[in-house]
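Here's the structure we're looking at; comments come further down.
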Amino acid sequence: TQLLEQSPQFLSIQEGENLTVYCNSSSVFSSLQWYRQEPGEGPVLLVTVVTGGEVKKLKRLTFQFGDARKDSSLHITAAQPGDTGLYLCAGARNTGNQFYFGTGTSLTVIP
Amino acid sequence: DAGITQSPRHKVTETGTPVTLRCHQTENHRYMYWYRQDPGHGLRLIHYSYGVKDTDKGEVSDGYSVSRSKTEDFLLTLESATSSQTSVYFCAISPGGSTDTQYFGPGTRLTVL
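Listed below in structure tokens is the structure:
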């Protein structure tokens, strides 16, 4: 059983639509990161959130950390084909320097 | 891009043979990590290192060992490879701390027959 569960696992949408990806846990995290991974490559960091309730925006992407620091969401506005990829959340606990990755959400944006 | 390489990039081996994967960095980062990636599981931590000769286990460490004799190199060894260890292995580096960025290598695709 993984510490972080993401939903949905797969998402296929048309260009221009909005979407939200969820990352949930029953555990508290000191920080939470979102990564994007393209086929054949390693994940690349998009954002780090550290404060409960924190909202960060990166162009058309909006990230939110839950008030209790147990969950997070990624919202994409007006999705574009370039947004296609695997989105991964990763949480760090208060102790140690281990990162726990979510199960991943595979997004396909159809032109 | 962070200076991180993995070798080999692809490997096919037989059950029962030992396998060593290498991660090399030129960034002088303190932390190095080995993950495996399997469909439906995202990335799972195998082992990590917080300094030369300082290592600790991750979520899925059984059947794996690591060594770090120099800051720049982190080796992952499968002592006796099994088919369940067929996966894509990623190395990551980080300056340290739970809010720091992890920079990932390109991955090694390992197939155990």
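Chains as they are written, first to last, in the numbering used here: chain R, 292 to 402; chain D, 12 to 124. Just so you know, even glycine gets a beta-carbon here, dropped at the ideal spot from N, CA and C.
Do you know how far the Cα of residue j is from the Cα of residue i?
i: SER94 (chain D); j: LEU121 (chain D); result: 10 Å
i: GLY393 (chain R); j: ALA381 (chain R); result: 6 Å
i: ASN309 (chain R); j: GLY107 (chain D); result: 35 Å
i: ARG79 (chain D); j: CYS102 (chain D); result: 13 Å
i: LEU56 (chain D); j: ALA359 (chain R); result: 25 Å
i: TYR391 (chain R); j: SER397 (chain R); result: 18 Å
i: THR26 (chain D); j: SER18 (chain D); result: 20 Å
i: LYS81 (chain D); j: GLN328 (chain R); result: 29 Å
i: GLN324 (chain R); j: LYS22 (chain D); result: 31 Å
i: VAL346 (chain R); j: VAL338 (chain R); result: 10 Å
i: SER317 (chain R); j: LEU32 (chain D); result: 34 Å
i: LEU89 (chain D); j: ASP49 (chain D); result: 17 Å
i: ALA369 (chain R); j: ASP67 (chain D); result: 43 Å
i: LEU302 (chain R); j: VAL335 (chain R); result: 20 Å
i: LEU349 (chain R); j: GLN355 (chain R); result: 11 Å
i: THR16 (chain D); j: VAL30 (chain D); result: 17 Å
i: THR110 (chain D); j: THR342 (chain R); result: 11 Å
i: HIS40 (chain D); j: ASP73 (chain D); result: 26 Å
Along chain D, which residues have their Cβ under 9 Å away from the Cβ of residue i?
i: LEU365 (chain R); result: Residues of chain D passing the Cβ test: none, with the nearest at roughly 14 Å.
Find the residues of chain R that neighbour residue i, judging by a C-beta separation of less than 9 Å, and give them in chain order.
i: HIS52 (chain D); result: GLN293, PHE392, THR394 and GLY395
i: ARG55 (chain D); result: GLN293, TYR391 and PHE392
i: GLY107 (chain D); result: ASN388
So the candidates are the options; which of them puts its Cα closest to the Cα of residue i?
i: SER91 (chain D); options: D:THR66, D:THR24 and D:ARG33; result: D:THR24
i: GLY373 (chain R); options: R:PHE301, R:GLN305 and R:LEU295; result: R:GLN305
i: HIS52 (chain D); options: R:ALA383, R:VAL400, R:LEU294 and R:ILE401; result: R:LEU294
i: SER363 (chain R); options: R:TYR313, R:GLU296 and R:SER303; result: R:TYR313
i: ARG20 (chain D); options: R:GLU296, R:VAL319, R:GLU332 and R:PRO299; result: R:GLU332
i: LEU352 (chain R); options: R:LEU365, R:PRO402 and R:GLY376; result: R:LEU365
i: PRO330 (chain R); options: D:THR110, D:TYR61 and D:VAL99; result: D:VAL99
i: PRO402 (chain R); options: R:THR375, R:PHE320, R:GLU296 and R:TYR326; result: R:THR375
For residue i, which residues in the same chain have their Cβ closer than 6 Å to its Cβ, ignoring the five residues on either side in sequence?
i: ASP84 (chain D); result: HIS35
i: PHE115 (chain D); result: PHE101 and ALA103
Based on the DSSP secondary-structure assignment, which residues constitute the bridge partners of residue i?
i: GLU296 (chain R); result: R:ASN315
i: ARG47 (chain D); result: D:ARG55 and D:TYR100
i: THR119 (chain D); result: D:TYR100
i: LEU124 (chain D); result: Per DSSP, none; premise fails for LEU124 (chain D).
i: SER363 (chain R); result: R:CYS314 and R:PHE356
i: GLN305 (chain R); result: R:ILE401
i: ASP67 (chain D); result: D:TYR59
i: ARG33 (chain D); result: D:SER18 and D:LEU86
Which residues in chain D have a C-beta closer than 7 Å to the C-beta of residue i? List them in chain order.
i: GLY333 (chain R); result: PHE101, PHE115, GLY116, PRO117 and GLY118
i: THR339 (chain R); result: THR110
i: SER298 (chain R); result: By Cβ distance, chain D contributes nothing, its closest Cβ being about 13 Å from SER298 (chain R), past 7 Å.
Leaving aside the five residues before and after residue i along the sequence, list all residues of the same chain whose C-beta is less than 8 Å from its C-beta, in chain order.
i: SER298 (chain R); result: VAL312, TYR313, ASN315 and THR396
i: GLY118 (chain D); result: GLN17, ARG20, GLN48, VAL99, TYR100 and PHE101
Apart from the five residues on each side of it in sequence, which residues of its chain come closer than 7 Å, Cβ to Cβ, to residue i?
i: GLN371 (chain R); result: GLU306 and VAL400
So with CB distances below 8 Å, who are the chain R contacts of residue i?
i: TYR59 (chain D); result: ASN388 and GLN389
Which residues in chain R sit within 7 Å of residue i, going by Cβ to Cβ distance?
i: THR112 (chain D); result: LEU336
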